[in-house]
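What follows is a single structure, written as structure tokens, with notes after it.
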Amino acid sequence: MECKLIRPADLDEALAAREQYTHDALPIAGGQSLLVMMRNRLVAPAALIDLEPIEALRGVEVSSAGISIGAMNTCRQLIASPVLGEEVGVLPVAARQVSSTAVRNLGTIGGNVCHNEPGADLPPALLALNARAAVRRRANAREVPLAEFFTGYFETVLEPDEILCRIDIEHPPAGAAGVYLKHAISPEDLAMVGVAAVVVPDGKQTGGVAEVRIGIGGAAPVPLRAARTEAALKGAVLDAETARAAGETAATEVDPPSDPHAGADYRRKMVSVFVRRALLQAARQIEENGHGAA
Amino acid sequence: MADDYRVIGTPVVRPDGAEMISGQAVYGPDVTQPGMLWGKILRSPLPHARIRSIDVEKARALPGVTVITARDVPDRRYGYAIEDEQIFAVDKVRYVGEPVAAAAAPDEERALEALSLITVDYEELPAVFTAAEAARDGAPLVHDELGPARSVYLASWNPVHGTNIIHQASHHRGDVDAALARADYVFEDTFHASQIHHSYMEPHATLAAARSNAVTVWTCSQEVFQLRTLLAGLFAIPESRMRVINTKVGGGFGGKIEPRLEPVAVALSVHSRKPVKIVMTRAEEFTAAAGSTPATVTVKTGVTKDGTLTVRDIDFLWDTGAHAEGLPPSNRAMKDGNGPYRVHDLRISSTLVYTNKMRGTQLRGLGVPEGAFAIESQMDMIAERLGMDPLELRLKNILEEGDINSIDDVVQSIGLRECLVSVAKEIGWGEPKPANVGRGLSVIAKSPTTHSSISSAYVQFNEDGSAQVLVGASEIGQGMSVVMCQIAAEVLGLPVEAVGIASADTGTTPYDRGTFSSRVTFYTGMAVKLAAEDARKQLLEVASRMVEIPQDDLAAAEERVVSPAHPELSLPFREVLERAHSYERPILGRGTYGGKGDYPTLPHKAQRKEYVPGWKYAAQAVEAEIDEETGIVRVRRIASAHDVGKSLNPVSVDGQIIGGVVMGLGYALHERLQFDQGRIVNPSFMDYKIPSSQEIPEIKPIAVEVPLPEGPFGAKGIGELAIVGIAPAIGNAIHEVLGVRLKELPLHPERVLDAVESQRKRNGG
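Those sequence lines, one after another, are chains U and H. Under the working numbering, think of the first position of the first sequence as 13, with each following residue one higher. Under the working numbering, think of the first position of the second sequence as 15, with each following residue one higher.
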């Protein structure tokens, strides 16, 4: 099996290579999923476009508009970034739970999102943070809300001549709390169910919430936002009973797969358990600190 | 036994440890030969199908490629227990993964390309996937006729011809029906064990070189001599021209006992006239090598009101898949099925059945885990019903010195009570704990291997006074090598560093039955001890002539010949060996063990004629935290106490216990090969979960030492039992917290939750 490695010097060269090869080449970031798939002969690209040398895909930038995370940031870099910890804490929390140390050292946020493997840890957190994907092709650029980015099982909106360059996140509302809970047999596994919740307090009464955003992974062909659950919680007071009811609503919003790790029914039940737990944990965070850290 | 040994009982770190962890050790997949080709195997995609035709012409047209099918290899059946297998499928395939053809080429890609050019025309046949289904009248036959059995595993073979039932055995003592009728309480429960995989790190790898009229095979095997006999017979050449050399083995666990790649590699080498190497992919390991032999076990137990076990009736139904390698565990159940309990009336029956699935074979514990899950789960059910403490119920009924065991032998050298008491203490049995934390116990035993379990050893002195051990047993990672060196060093008066070892090469090392069934420390260890004693005797003979002191007054100590009667004597071994090698004869000690009459020190006259010493006993205890909402079981602590007779090397003993416990943890909680119409759907470590370092709890290994007179320095085997009792102990802990009894392995969160919900429904909640 011959496979050519293309090492573009910058983003323009990479985009040119994408345009030239389209379906025949795959971009490689950390390689933590792609190389395994190639070894198992699930994919056999004629060429790999190495994104490693591209400066434009690196770094974390903070501006008044929000936070912009280069697609080549590794999980390790997300975990180590003080600004992410401060601004969008739920993301490094989720990054910490990705697979093993070795994978976190090499695997990137862009790769994690583009691979779109059910049970990946970063998508639920990014969904709950209202993240957007900044996508480029040679001729133009577009911005896709992450909620529209994932289209199917291992599929995204990304076209074969495009590259995901950055993940952009608006500053979360003041005092918001963020929680990510992963349900897995071993911490190194993909999540049977992963739930991220960002809870924005209303600042008026204990448990009162202005807004709740819930991202769920592993419980449908794509990671998703629990829209009906979120709507039901708008303006509610988050207590044990509302959290329980929210969990039950969320369980009706998913479409879980059955695989060797767990059956669909079990996953659905776990959505209900972990949505409830995540909401209560976020509420506790707000109550204890007077505010949260999303 | 006085404990004044120099080397025995001291923690010796294995000398090959550094090369193993630094990647320098040469395992099966690392071996190469000049001009070597790579072999790949085309496997059946169907569980049961007639082969109408195989077209290999296109594949053979590729340059440099050799392609073979059943037509190109000897038309002989083979198999260690039942001869029910051929190198390639003939006429029909019986499981997804069965070899149909093979190709050898200068690289793996070309070999795979050749396989892709082979077309096989199959006609699908109805298939059977469960033992219960397969045992029914009129079920499709996996083997149209049963092959001949080899007596090595079987005193008597009892198949049901014209069915899928390969063997039925039963063991009967007393009047079971009457005893059940008399019992105050009778418990009857059915348990299911799942099929797990051995999950050794090193995949199967074989390199075969057929040159002129001799064949050399490098392979990772637990039994090189049996393998040589089989290959020589299969290819009709004398054993003198079939040499099997063991590579370093990266884990065996029973999965590298029977032949796998060797017959195909030899056949490819014979046809291509080049050395051919085959390495299994991990997916092949999961789908085509073998797993454990799962069983459904029904246990009926009668007890009196005071908690005395009086009678047991146990029925095993084993699913061996497409080949009868499940025969050893199914036969062992006769002896081990009852566990270490005193029961007067006993009936054990065992049925082994073919199905259209990848074979089950031997796996660490050899049928004991399947039975123990049933027995040790039911013991807690009995305790609950009688209102007794499970610890007390076990203490009341376990075997003690002098009792009669399940196979009518008098029990000797048993440290089981001490094991049980020590794990209970270690786990904090009876002490307060949070409501979501449970504790569970198990007691377990395994009978000694009985069929021709013979080992032999050479111990020779080198010219510089150091020594060399040669044994035919396989080092499979368990640390046999260091223990054998310790035994020789102890006897010879050498430091352990001055003893080297070579093992498992049919061209150079003496005969050994191999590494299985916790037998090497006991049998090979005794052979080494006897060989070392022989070498020491020969050394002192030469020394005696040199110093003119009677041999009986001489001793070997600290690399010198000394004499209590002549304190001034201090003759270095080196000088004796200079003389031996130049003027007398090199010193070669010889030892064998395990044959008839090798157990003269039997303390009991009552034993049957075929008595073999060396039962293994252990007790295990777990403490687990259970999440009622998710069904997740987090094991926090495990204590595992083993009656090892004598701990020859405490580091190795701890390693064996900890390794076995971890494997038992996977077996208990998560591991299972999952099938869909005979096809395995989780053939990777992504989807087949073995414990990772992050779920391994604190493990406390405990060695109890009740010496066995027949073992080397009193030692018994330690390799297997630690896997056995973890599943029932965890099941018992789950019951303590949730009040539900899980009767099917693994104790997966989904199952735990289902059990909780069924209970809730039963209780009308």
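Each residue gets a CB set at the ideal place from its N, CA and C atoms; glycine is no exception.
The region 90–174 of chain H contains, as complete alpha helix (DSSP H) runs of 4+ residues, the segments 122–130 and 145–149 (chain order). Among the CB atoms of chain U, one or more fall inside 8 Å of the CB of residue 701 of chain H. Listed along chain U is no residue with a C-beta nearer than 8 Å to that of residue 213 of chain H; the closest approach is about 14 Å. The Cβ-Cβ distance between residue 300 of chain H and residue 218 of chain H does not fall below 8 Å. The alpha carbon of residue 128 of chain U has as its nearest neighbour, out of U:117, U:62, U:160 and U:154, the alpha carbon of U:160. With fewer than three CB-CB distances shorter than 8 Å, the region 768–775 of chain H does not count as touching the region 678–698 of chain H. With respect to chain H, the C-beta atom of residue 195 of chain U has a partner C-beta closer than 8 Å.
The DSSP-derived three-state label of residue 468 of chain H is coil. Collapsing the DSSP output to three states places residue 458 of chain H in a strand. Secondary structure at residue 298 of chain U: helix, using DSSP grouped into helix, strand and coil. Taking a contact to require three or more Cβ pairs closer than 8 Å, the region 174–185 of chain H and the region 648–662 of chain H do not qualify as touching. Cβ-Cβ separation between residue 219 of chain U and residue 176 of chain U: approximately 38 Å, too far for a contact (criterion under 8 Å).
Pairing residue 347 of chain H with residue 385 of chain H, the inter-Cα distance amounts to about 7 Å.
Note that the region 185–194 of chain U touches the region 278–291 of chain U; at least 3 beta-carbon pairs, one per stretch, sit closer than 8 Å. Annotation for residue 294 of chain H: 217 and 218 place their beta carbon closer than 6 Å to its own, counting only its chain and skipping 5 residues before and after. Around the C-beta of residue 104 of chain U, 16 or more other C-beta atoms lie within 10 Å, and the residue is accordingly described as buried.
Interface annotation, residue 67 of chain H: not in contact with chain U, CB-CB separation never under 8 Å. Look at residue 165 of chain U here: in three-state DSSP terms it is coil, with no helix or strand label.
For the region 482–511 of chain H, the beta-carbon criterion of a distance under 8 Å to any beta-carbon of chain U is satisfied by none of its residues. It is roughly 8 Å from the alpha-carbon of residue 141 of chain U to the alpha-carbon of residue 182 of chain U.
Neighbours of residue 191 of chain U across chain H, judged by C-beta separation under 7 Å, do not exist; the nearest C-beta is about 16 Å away. A residue is called buried once 16 or more other Cβ atoms fall within 10 Å of its Cβ, and residue 736 of chain H is buried on that count.
One Cα belongs to residue 173 of chain H, the other to residue 153 of chain H, and the distance between them is close to 16 Å. Taken through DSSP and simplified to helix, strand or coil, residue 488 of chain H comes out as coil. Counting only Cβ-Cβ distances below 7 Å, residue 199 of chain U has contacts in chain H at 708, in chain order. Distance between residue 592 of chain H and residue 543 of chain H, taken at the CA atoms: about 24 Å. Assigned with DSSP and collapsed to three states, residue 177 of chain U falls in strand. Residue-level contact check: residue 691 of chain H does not touch chain U, since none of the beta carbons of chain U fall below 8 Å from its beta carbon.
Counting the other CB atoms within 10 Å of its CB gives residue 15 of chain U a total below 16, which places it among the exposed residues. Collapsing the DSSP output to three states places residue 124 of chain U in a helix.
Beyond the five residues adjoining it in sequence on each side, residue 560 of chain H comes within less than 8 Å, by CB distance, of 585, 589, 590 and 593 in the same chain, given in chain order. Under a criterion of Cβ atoms nearer than 9 Å, no residue of chain U is adjacent to residue 209 of chain H; the nearest Cβ is some 14 Å distant. With fewer than three CB-CB distances shorter than 8 Å, the region 381–400 of chain H does not count as touching the region 112–122 of chain H.
For the region 256–287 of chain U, residues whose beta-carbon sits nearer than 8 Å to a beta-carbon of chain H comprise 271, 272, 273, 274, 275, 278, 281, 282 and 285. Rounded to the nearest whole angstrom, the C-alpha separation of residue 239 of chain H and residue 258 of chain H is 8 Å. Going by C-alpha positions, residue 415 of chain H is about 50 Å away from residue 278 of chain H.
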